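Before any comments, here is the structure.
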Amino acid sequence: MKVHHIDTAAARRPEPELALVPPASAAVRARQLMAEAHSAALDNLAELANALDGARALANSIVDGGDLYGVGLRDLGRRLSEDLMDSGRSLQALADRERRGLLAH
Numbered sequence: 328m329k330v331h332h333i334d335t336a337a338a339r340r341p342e343p344e345l346a347l348v349p350p351a352s353a354a355v356r357a358r359q360l361m362a363e364a365h366s367a368a369l370d371n372l373a374e375l376a377n378a379l380d381g382a383r384a385l386a387n388s389i390v391d392g393g394d395l396y397g398v399g400l401r402d403l404g405r406r407l408s409e410d411l412m413d414s415g416r417s418l419q420a421l422a423d424r425e426r427r428g429l430l431a432h
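Under my numbering, the residues of the sequence shown are numbered 328 to 432, in order.
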């Protein structure tokens, strides 16, 4: 049986460049990555706002629970609800400024 050897020089031929569009420069890629990161940060802010709304709804359910909860718990629920509403408003205002690019980094 005859053994065939592969010519290693032929096997190492450079791959032809198949891209139809030249690769983006480092600066362009950096801008794209920053835009993607900024979008993810805004998504994170929206998730936090939703979590605050959910916590406020839970606090309100304690307030609305009447005699099921003691006076101290209802009072705490009321104060938490108010604080969460204020925090949600602040978060929304800051997130809006972030979207418009008005916050310093």
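All C-beta atoms in this analysis are idealised placements derived from N, C-alpha and C, irrespective of residue type, glycine included. Predicted model, so just to flag it, every value in this text is computed and none were measured.
Query                                                                                                : Result
Entirely enclosed alpha helix (DSSP H) segments - the stretch 330-416, minimum 4 residues            : 335-338, 353-390
Helix, strand or coil at Arg427 according to DSSP, with G and I counted as helix                     : coil
Inter-stretch contact at 8 Å, needing at least 3 Cβ pairs: the stretch 374-394 / the stretch 411-420 : yes
Nearest-angstrom beta carbon gap, Leu418 and Leu379 [assumed within contact, 8 Å]                    : 7 Å
Cβ pair Ser408, Asn377 closer than 9 Å                                                               : no
C-alpha gap between Tyr396 and Ala354, whole angstroms                                               : 59 Å
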